[in-house]
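These notes concern the structure reproduced below.
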Amino acid sequence: MEKLQAFQAAASEGGFVATGESEEGTVLWLKKATVEAEDRICLDSLTNSATVYWATIPWKINSKTFREASALRAWIQSRPPVEAQL
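Residue numbers for the sequence shown follow the working numbering, beginning at 21 and rising by one.
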């Protein structure tokens, strides 16, 4: 549980907000707070991981899974601002 809270804190620092949870309560979805961004994060309590999904072009979805909150935080901080991606 602590690991998922650390993932959620890292995501919040990067501008992500919670959008929904699975009925079983094992998955929490977050999205970038800005309208332009299509970035999503899935926090999975079964695997204790966070997977980020983002589009580089409208039909190309990429993903990256993180096992440590510090790695997720570093990745989020390394991303260019949304305005630079448009």
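For every residue, glycine included, the Cβ atom is placed at its ideal position computed from N, Cα and C. Everything numeric in this text was worked out from a predicted model, so none of it was measured.
- The distance from the Cβ of Phe86 to that of Ala75 is about 19 Å, inconsistent with a contact at the 8 Å cut-off.
- For Arg60, the uninterrupted beta strand (DSSP E) run begins and ends at 60-64, by DSSP.
- Per DSSP, Phe27 has no beta-bridge partner at all.
- At a Cβ-Cβ threshold of 8 Å, Phe36 and Lys51 count as neighbours.
- In this structure Arg60 touches Tyr73 by the C-beta definition: roughly 5 Å separates them, less than 8 Å.
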